[in-house]
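A.B. asks: My questions all concern the structure below.
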Amino acid sequence: MKELTIGLKYTKEIFVDKSLTVPNVSELFTGFSDMPPVLATAYLIGFVEWTCIEALHDYLMPSDKTVGTHVNLSHSAATPIGLRIKAEVILININKKKLTFSVYCTDGLDIICEGTHERYIINEDKFLQKVKDKSLSAIKNISII
Numbered sequence: 055m056k057e058l059t060i061g062l063k064y065t066k067e068i069f070v071d072k073s074l075t076v077p078n079v080s081e082l083f084t085g086f087s088d089m090p091p092v093l094a095t096a097y098l099i100g101f102v103e104w105t106c107i108e109a110l111h112d113y114l115m116p117s118d119k120t121v122g123t124h125v126n127l128s129h130s131a132a133t134p135i136g137l138r139i140k141a142e143v144i145l146i147n148i149n150k151k152k153l154t155f156s157v158y159c160t161d162g163l164d165i166i167c168e169g170t171h172e173r174y175i176i177n178e179d180k181f182l183q184k185v186k187d188k189s190l191s192a193i194k195n196i197s198i199i
């Protein structure tokens, strides 16, 4: 495992196809189906998170993962189907287990996204146990009502 240091830089690219467009976000959100077929903000944020996750891959213990805790990103230009988007993330702050990345994304023609993204290092087993406990607590509360 490598030592995690400020300045870590990672770049990732992805091709924008129909599956990444606004009308395909979710059938649950019916208002999206009438929107233009451009890269969805939801998928752009997911792509940024994925890029950060991959950037950290060689720096975490196998039992550790990271979870997103804060997103402060602009989505300033539409990207049509057929373009490739590129995300560049740079680790700019380490505060114990909280990691902050600067984010810059382009589609080759425009800057489409800038901002910051925070992730928190978690022990996966402990995290999943807390999620399970919360789920059980919610089920108990529902059965009381």
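Take 55 as the starting number for the sequence shown in my numbering and just add one per residue.
Cβ atoms here follow ideal geometry from the backbone N, Cα and C, with glycine treated the same way.
#1: Among H171, L58 and K72, which residue has its Cα nearest to the Cα of G104?
#2: What does a CB cutoff of less than 6 angstroms around A132 pick up in its chain, not counting 5 residues either side in sequence?
#3: Got a sec? Which residues, its chain only, sit under 6 angstroms from L58 by beta carbon, not counting five neighbours each side?
#4: Any idea what DSSP makes of P116, helix, strand or coil?
#5: Are the beta-carbon atoms of Y174 and V125 separated by less than 8 angstroms?
#6: Return helix, strand or coil for I107, following the three-state DSSP convention.
#7: I'd like to know whether the C-beta atoms of E178 and S80 end up nearer to each other than 8 angstroms.
#8: Cβ of I165 within 8 angstroms of Cβ of I68?
#9: Can you list, in chain order, the residues of its chain whose CB lies under 6 angstroms from that of I146, leaving out five sequence neighbours each side?
#10: Would you identify the three-state DSSP class for L127, choosing helix, strand or coil?
#11: Under the three-state reduction of DSSP, which class applies to G122: helix, strand or coil?
#12: Would you tell me roughly how many angstroms separate the C-alpha atoms of S189 and T123, rounded to the nearest one?
#13: In the structure shown, what three-state DSSP assignment does P77 receive?
#14: Got a sec, what are the start and stop residues for the beta strand (DSSP E) A141 sits in?
#15: What separation, rounded to the nearest whole angstrom, lies between the Cα atoms of K194 and G100?
C.D. replies: Looking at the atomic coordinates:
#1: The displayed chain sequence assigns Trp, not Gly, to residue 104. For the residues H171, L58 and K72, the minimum Cα distance to W104 belongs to H171.
#2: V92
#3: Y113
#4: P116: coil per DSSP, three-state reduction.
#5: Against a cut-off of 8 angstroms, the Cβ pair of V125 and Y174 comes out as no contact.
#6: helix
#7: no
#8: no
#9: Listed in chain order, the non-local C-beta contacts of I146 below 6 angstroms within the same chain comprise T154 and S156, local neighbours out to five positions each way being set aside.
#10: DSSP places L127 in strand when its eight states are reduced to three.
#11: strand
#12: 20 angstroms
#13: helix
#14: R138 to N149
#15: 32 angstroms
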